[in-house]
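*Asks:*
Number of protein chains: 2
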Amino acid sequence: MKKPAAIVLLSGGLDSTTVLALARSQGYDCRTLAVAYGQRHSVELIAAERLSRSLGALEHRVMTVDLAGIGGSALTDTTIAVPETLGEGIPVTYVPARNTLMLSLALGWAEVTGSRDIFIGVNAVDYSGYPDCRPEFIQAFERLANLATKAGVEGAAFRIHTPLIDWSKARIIEEGLRLGVDYAQTVSCYQANAALEACGRCDSCRLRQEGFAVAGVPDPTNYA
Amino acid sequence: MKKPAAIVLLSGGLDSTTVLALARSQGYDCRTLAVAYGQRHSVELIAAERLSRSLGALEHRVMTVDLAGIGGSALTDTTIAVPETLGEGIPVTYVPARNTLMLSLALGWAEVTGSRDIFIGVNAVDYSGYPDCRPEFIQAFERLANLATKAGVEGAAFRIHTPLIDWSKARIIEEGLRLGVDYAQTVSCYQANAALEACGRCDSCRLRQEGFAVAGVPDPTNYA
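Okay, structure coming up:
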């Protein structure tokens, strides 16, 4: 029987890489999509391409979109500092409309490739400050996808899969290790250097370090 | 009193140009956004920039996204011919997830500029074959916008304005002329040449010609 085809949004970080491994283990033939949106941590795109190959995806694409011109986030605007402590409310690393845009790109590619399943590694636990990581956002996008597309109108139902949405970082790591993910190859840091080494101090590094500590496994991250 | 700020999606065609004139007449300070998505009729981007200026927008931006890599449409894939007659069902000029993507870009820019109003020139009459031109799609996107964003979570309500959605092409032209739009400057043709001249034969040219005929006004379009 032919495997169902899926699009997996793959940033090269810990979460999305685990999602790719999960989608493969569930029997999907995966195409991976990385989005170059002007992020300061663009070295993650190199990691994404390598991980796509090593985890057996059919194809990897990088789509470019000039969100940097919009500004408004520490991740795309180098005049806003990346914070080293988690504050209250929505973090300055929030990128306006990022997940809406990424899911839109995935939706277009899904429609063209005959895929009905889209996987995204959003997480509502650690990143609760990001509005576009919440279940109600994902449900609204799924509804939109089925109204927006020729495939949807013709009766195919798109599904947005968010397997990590209520998992702790430790559980994500445990499941990924069980599936053979090599986390030394993933880049989570918001300001990783050209050698793909992490700073060890930004929000994203701290959450990752905590995850390995709670899971009780050694942290394989390459730090600068 | 300060005018409310709006983002207007402006392709340089007849419909979106009329929308800009309408938004201005309703008292909005407008920023215009054109999206370069690999469309074969990219000369419309030149028209859009000129029209933004002549209709008094605050600022014009072109955002680039490589939808062309996705393919699947006569508008982005030069191996699919642009049809010269309107067929049944969804046209081959349908671009997968195009309006979802354009509205996502507009949403990101709206959030950063403090705009809560987004204008788009979709029309459910002439282009009834496009799923992402229907009122139910627009309502679903508006709902999504308010779940997706920091501004939405913090209580600001985004509104997606579609003033043309149930207007005939003739009515669009009549309203635009009343507001002083110079339609000779707009480019609707799917395969306009570098001199911004229209083919006069594609779907889009035919609908436009009919509009001027029904409105009983001379067609000012520059034909090749």
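Going down the list, the protein sequences come from chains Z and P. Residue numbers are given in my numbering: position 12 of the first sequence equals residue 175, and the series is strictly consecutive. Residue numbers are given in my numbering: position 175 of the second sequence equals residue 338, and the series is strictly consecutive. Note that beta-carbon positions come from the ideal geometry of N, C-alpha and C, so glycine has one too. What you are looking at is a predicted structure, and each value in this text was computed from that prediction instead of being measured.
1) If Ala-333 (chain P) and Thr-384 (chain P) are in contact, beta carbons under 8 Å, what's the gap, nearest whole angstrom?
2) Counting only Cβ pairs nearer than 9 Å, list the residues of chain Z close to Ser-278 (chain P).
3) Starting from Asp-178 (chain P), trace the alpha helix (DSSP H) in both directions and tell me its first and last residue.
4) Give a single yes or no on whether Asp-366 (chain Z) has its beta carbon closer than 7 Å to a heavy atom of the ligand NAP.
5) Is Arg-306 (chain Z) close to chain P? Criterion is C-beta to C-beta, closer than 8 Å.
6) Would you check if there are 3 or more beta carbon pairs closer than 8 Å linking the stretch 318–326 of chain P to the stretch 264–281 of chain P?
7) Short check: CB of Thr-349 (chain P) to CB of Ala-220 (chain P), under 8 Å?
8) Shorter than 8 Å from the beta carbon of Asp-229 (chain P) to some beta carbon of chain Z?
9) With C-beta atoms as the reference, is Leu-183 (chain Z) less than 8 Å away from Leu-196 (chain Z)?
10) For a cutoff of 8 Å on Cβ pairs, would you count Pro-259 (chain Z) as touching chain P?
11) Strictly below 7 Å CB to CB, what residues from chain P border Asp-295 (chain Z)?
12) Return the CA-CA distance between Val-171 (chain Z) and Asp-178 (chain Z), expressed in angstroms with no decimal places.
13) Which residues in chain P sit within 7 Å of Ala-320 (chain Z), going by Cβ to Cβ distance?
14) In the DSSP assignment, find the unbroken beta strand (DSSP E) run with Phe-282 (chain Z) in it and report its ends.
15) Please report the straight-line C-alpha distance between Val-285 (chain P) and Cys-296 (chain P), rounded to a whole angstrom.
16) Is Asn-262 (chain Z) close to chain P? Criterion is C-beta to C-beta, closer than 8 Å.
17) Among residues of its own chain, excluding the 5 on either side of Val-475 (chain Z), which ones have a beta-carbon nearer than 7 Å to its beta-carbon?
18) I'd like to confirm the pairing. Which residues does DSSP put opposite Ala-169 (chain P) in its beta bridges?
19) How about Gly-176 (chain Z) and Ser-331 (chain Z): are their beta carbons less than 8 Å apart?
20) Beta carbon of Leu-307 (chain P), beta carbon of Ala-314 (chain Z): below 8 Å?
21) Using a 10 Å radius around the Cβ and a threshold of 16 neighbouring Cβ atoms, would you call Ser-215 (chain P) buried or exposed?
22) Expressed to the nearest angstrom, what Euclidean distance is found between the alpha-carbon atoms of Tyr-191 (chain Z) and Ala-169 (chain Z)?
23) Quick one: give me the first and last residue of the alpha helix (DSSP H) that Val-225 (chain Z) is part of.
24) Measure how close the beta-carbons of Ala-260 (chain Z) and Ala-311 (chain P) come, nearest whole angstrom, since I'm counting them as under 8 Å.
25) Am I right that Lys-187 (chain Z) and Leu-218 (chain Z) are in contact with their C-beta atoms under 8 Å? What's the rounded C-beta distance?
26) Measure the C-alpha to C-alpha separation of Glu-212 (chain Z) and Glu-317 (chain P) and round it to an integer number of angstroms.
27) Interface residues of chain P around Ser-267 (chain Z) at Cβ under 8 Å?
28) Note the first and the last residue of the continuous alpha helix (DSSP H) segment covering Arg-297 (chain Z).
29) Ala-387 (chain Z) and Ala-361 (chain Z) look like a contact to me (Cβ under 8 Å); what is the Cβ gap, rounded to whole Å?
30) Report buried or exposed for Glu-299 (chain P), applying the criterion of at least 16 other Cβ atoms within 10 angstroms of its Cβ.
31) How many Å lie between Glu-305 (chain P) and Pro-381 (chain Z) at the Cα?
32) Can you list, in chain order, the residues of the stretch 335–349 of chain P whose Cβ is nearer than 8 Å to any Cβ on chain Z?
33) Starting from Ala-210 (chain Z), find everything on chain P with Cβ-Cβ shorter than 7 Å and list it in chain order.
*Replies:* According to the structure shown:
1) That belief does not hold up - the Cβ atoms of Ala-333 (chain P) and Thr-384 (chain P) are roughly 15 Å apart, past 8 Å.
2) The contacting residues do not exist; Ser-278 (chain P) stays about 11 Å from chain Z at best.
3) Start and end: 177–188.
4) The ligand NAP is not part of this structure, which contains no ligands at all.
5) Arg-306 (chain Z) counts as touching chain P.
6) Counting Cβ pairs under 8 Å, three or more are found: they touch.
7) Against a cut-off of 8 Å, the Cβ pair of Ala-220 (chain P) and Thr-349 (chain P) comes out as no contact.
8) Under the 8 Å criterion on CB atoms, Asp-229 (chain P) is classed as interfacial with respect to chain Z.
9) Contact: no.
10) Contacts with chain P at 8 Å (Cβ-Cβ) include Pro-259 (chain Z).
11) Neighbourhood of Asp-295 (chain Z) in chain P, by CB distance below 7 Å: Ala-311, in chain order.
12) Straight-line spacing of the CA atoms in Val-171 (chain Z) and Asp-178 (chain Z) works out to 12 Å.
13) Neighbours of Ala-320 (chain Z) on chain P: none; closest Cβ ~14 Å, over 7 Å.
14) Element bounds for Phe-282 (chain Z): 280–282.
15) Computed Cα separation, rounded: 5 Å.
16) Interface with chain P (8 Å Cβ-Cβ cutoff): Asn-262 (chain Z) is included.
17) One cannot answer for residue 475 (chain Z) here, as it falls past the ends of chain Z, which runs 164 to 387.
18) DSSP lists P:Cys-193 and P:Asp-280 as the bridge partner or partners of Ala-169 (chain P).
19) Between Gly-176 (chain Z) and Ser-331 (chain Z), the C-beta gap is not smaller than 8 Å, which leaves the two residues out of contact.
20) Leu-307 (chain P) is not a Cβ neighbour of Ala-314 (chain Z), given a cutoff of 8 Å.
21) Its Cβ being crowded by 16 or more others within 10 Å, Ser-215 (chain P) is buried.
22) Taking the straight line from one Cα to the other gives about 6 Å.
23) Not the alpha helix (DSSP H): Val-225 (chain Z) falls in the beta strand (DSSP E), residues 222–227.
24) With a Cβ gap of about 6 Å, Ala-260 (chain Z) and Ala-311 (chain P) count as contacting.
25) One point to set straight first is that residue 187 (chain Z) is Arg, not Lys, in the sequence displayed. Correct: roughly 6 Å between the Cβ atoms.
26) Whole-angstrom Cα-Cα distance: 36 Å.
27) Result: Ala-260, Thr-263, Leu-264 and Ser-267.
28) Under the DSSP assignment, Arg-297 (chain Z) falls outside any alpha helix (DSSP H); it carries neither an H nor an E label.
29) About 7 Å separates the two Cβ atoms, so the contact holds.
30) With fewer than 16 other CB atoms across the displayed protein chains lying within 10 angstroms of its CB, Glu-299 (chain P) is exposed.
31) Their backbone Cα atoms lie some 45 Å apart in a straight line.
32) Listed by position along the chain: nothing, the set is empty.
33) When 7 Å is used as the limit between beta carbons, Ala-210 (chain Z) is near no residue of chain P, the shortest such separation being about 21 Å.
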